[in-house]
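Enquirer:
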Amino acid sequence: MSNTEQKNPWWWVPTLYFAEGVPYFVVNNISVMMFTKMGVPNGDMSFFTTLLYFPWFLKGLWGPIVDVVKTKRWWIVSMQVLLTALMVILTITLPKPDVQTIASGQTPISMFTFTLVLFIIAAFASATHDIAADGYYMLAHSPSSQAAFIGVRSTFYRIASVFGQGVLVAIAGFIEANKTENIPLSWQVTLGVSAVVFLLITLYHLYVLPRSADDKPRISGDASATSGLAELANSFVSFVKKPGFILAIAFMLLYRLPEGFLIKLCMPFLVQPTTAGGLGLSTETVGIVYGTFGVVALLGGGIVGGVFASRVGLKKALWWMAGGMTLPCLTFVYLAIAQPTNVAIITVALCIEQFGYGFGFTAYMLYMMYYSEGEFKTSHYAICTAFMALSMMLPGFVAGYIQEAIGYVNFFWMVMACCVATLVVTVLVYRVIDPNYGRK
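In this text, residue positions in the sequence shown follow the working numbering: the first is 4, and each later residue adds one.
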């Protein structure tokens, strides 16, 4: 650990977790906004961008490879080099549909086949980077230092969220507004900015990431590999055999069902014209309103939720948080019906919904931790996060097609109807939770 101790974690923890967040938001958020602005129909946009989430759903399957092959530092730097290269290629090869095609709202998704392939590769690289970064964090400095910097790492991941959903979208909007509405150029510049930022981070980490004596490959022969696979199998079997397994899966898949539908259509709703049922906001405005103020409200809801749950425990907090997850969805029903033009009103509505979601999501995270308690805590939590990803993927596949069929107003009413599923699983889970869990 001597080499590690010579480098203060302030030199690398903030940039490492900013680097963990940027590609995630480029793949999962920038892609949604970009395809929408390029005129891809909501159904195709929602389906194909949901496919990009698969690597985070599956990452537990190749996590052991990262754990036993090469060092965590090697994986981090290698994935950052690959992600930088992918962002450069995305910038250079981005298709340029003409103005008429974009305006028709029927740009074929097939035009972006190569772009989607690059996004999928970037998604796998980003998910692998997540595995390596989290493992490296636990090896490259002492347990006391890890505890001290847990807030720092989450803060800089959130800063990456503001950068990805706010700054980058605002840049695209600024270019679009000042370059005679050249939409393809605006997203080329945005991806180019992402590539430059990530290149600088990668070069920085090549020299700054410390080399830890504890960060070494764990492969030591066939017996070690076989033992690792056996342990992985045991963790899956013990997860399935846990009491209340079916109820836990139902909760993890259905608690966030309303948000699973909402999240894919939120930004398209904000930017699409009022004649199509949207609010007709500029890309730049969406970057500021949703990507900045909305994200801050989301983070605020999470912080308040964490404090509240620590004081009363998960069981007592659960109903309040289920309400926070469901009731604020009404703001989108209001926005779709009233179609207000006042940006302040829209901002307040979005902040209410995002705060409620951040508050309600706290219960979801605590429940996954609660269900993961036991011998295989780390592995079981990783499996829970896979179901968390699946809970967003399943609604995302069909959300756009449903919206195209019934319009935005009816779609948001349908989202409200899905809140029934949240309330039902909340009732069932409430009965089995330890009253003292989560309370200080």
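Ideal Cβ placement from N, Cα and C applies to all residues, glycine included. Since the model is a prediction, treat every value here as computed from it, not as a measurement.
Does W15 come out as helix, strand or coil in the three-state DSSP assignment?
Expert: Looking at W15 - three-state DSSP - the assignment turns out to be coil, as it is neither helix nor strand.
Enquirer: Reducing DSSP to helix, strand and coil, say where P111 ends up.
Expert: Coil at P111, not helix or strand.
Enquirer: Using only alpha-carbon positions, find the residue among G308, H383, S313 that is nearest to W323.
Expert: Checked all of G308, H383, S313; the closest Cα to W323 is G308.
Enquirer: Going by the CB atoms, is the gap between L93 and A128 shorter than 8 Å?
Expert: No, these two residues do not count as a Cβ contact at 8 Å.
Enquirer: Does the distance from the C-beta atom of V310 to that of R442 stay below 8 Å?
Expert: Not a contact, by the Cβ cut-off of 8 Å.
Enquirer: CA-CA distance, M417 and Y411?
Expert: The straight-line gap from Cα to Cα measures roughly 10 Å.
Enquirer: Quick one: does the C-beta of P246 sit closer than 7 Å to a heavy atom of the ligand FAD?
Expert: The ligand FAD is absent from the structure shown, which contains no ligands of any kind.
Enquirer: Take the Cβ of S215 as the centre, count every other Cβ of all protein chains shown within 10 Å, and call the residue buried at 16 or more, exposed below.
Expert: Buried: at least 16 other Cβ atoms inside 10 Å.
Enquirer: From A420 to L64, what does the alpha carbon distance come to, in whole angstroms?
Expert: Rounded to the nearest angstrom, the two C-alpha atoms are 35 Å apart.
Enquirer: Between the Cα of G399 and those of F358, L353, L260, spot the shortest distance and give me the residue it belongs to.
Expert: G399 has its Cα closest to that of L260, out of F358, L353, L260.
Enquirer: Compare the C-alpha of P246 against each of V432, F51, Q342 and name the closest.
Expert: Nearest of V432, F51, Q342 to P246, Cα basis: V432.
Enquirer: Could you tell me the distance, in whole angstroms, from the CA atom of W78 to the CA atom of S394?
Expert: Distance between the alpha carbons of W78 and S394: 28 Å.
Enquirer: Under DSSP, the alpha helix (DSSP H) around G195 begins and ends at which residues?
Expert: From DSSP, the alpha helix (DSSP H) with G195 extends over 186 to 211.
Enquirer: Looking only at its own chain, which residues have a Cβ that is under 7 Å from the Cβ of N32, when we skip the five neighbours before and after it?
Expert: These residues qualify, in order along the chain: G167, Q168.
Enquirer: Are the CB atoms of V289 and V192 within a distance shorter than 8 Å?
Expert: Their beta carbons are not under 8 Å apart, which means V192 does not touch V289 by this criterion.
Enquirer: Assign T429 to one of three DSSP states: helix, strand, or coil.
Expert: Note: T429 maps to helix in three-state DSSP.
Enquirer: Between the segment 267 to 284 and the segment 42 to 62, can you find at least three pairs of beta-carbon atoms closer than 8 Å?
Expert: A contact exists between the segment 42 to 62 and the segment 267 to 284.
Enquirer: How many angstroms separate the CA atom of S157 from the CA atom of Y293?
Expert: Those two C-alpha atoms are separated by around 20 Å.
Enquirer: Helix, strand or coil for S164 per DSSP?
Expert: If DSSP states are grouped into helix, strand and coil, S164 belongs with the helices.
Enquirer: According to DSSP, is K219 part of a helix, a strand, or is it coil?
Expert: Residue state, collapsed to three classes: coil.
Enquirer: Taking the C-alpha atoms as reference points, what is the distance between P271 and N11?
Expert: Approximately 43 Å between the Cα atoms of the pair.
Enquirer: Alpha carbon to alpha carbon, how far is E23 from V135? Give it in angstroms, no decimals.
Expert: The amino acid at residue 135 is misidentified as Val; the sequence shows Ala. Each residue's Cα considered, the two are about 10 Å apart.
Enquirer: May I ask which residues mark the beginning and end of the alpha helix (DSSP H) holding A366?
Expert: First-last of the alpha helix (DSSP H) with A366: 346 to 374.
Enquirer: With a cut-off of 8 Å on the beta carbons, I'd call L212 and W13 a contact; round off their distance for me.
Expert: Their Cβ separation, rounded to whole angstroms, is 13 Å, which puts L212 and W13 out of contact at 8 Å.
Enquirer: Using the beta-carbon count (16 or more within 10 Å), is G3 buried or exposed?
Expert: Nothing can be reported for residue 3: it is not among the residues displayed for the chain, which extend from 4 to 443.
Enquirer: Between A198 and T87, which are expected to be in contact by the criterion C-beta below 8 Å, what is the C-beta distance as a whole number of angstroms?
Expert: So it is a contact: roughly 6 Å between Cβ atoms.
Enquirer: Would R2 be called buried (16 or more neighbouring beta carbons within 10 Å of its own) or exposed?
Expert: Absent from the model: residue 2. The displayed extent of the chain is 4 to 443, so no value can be given.
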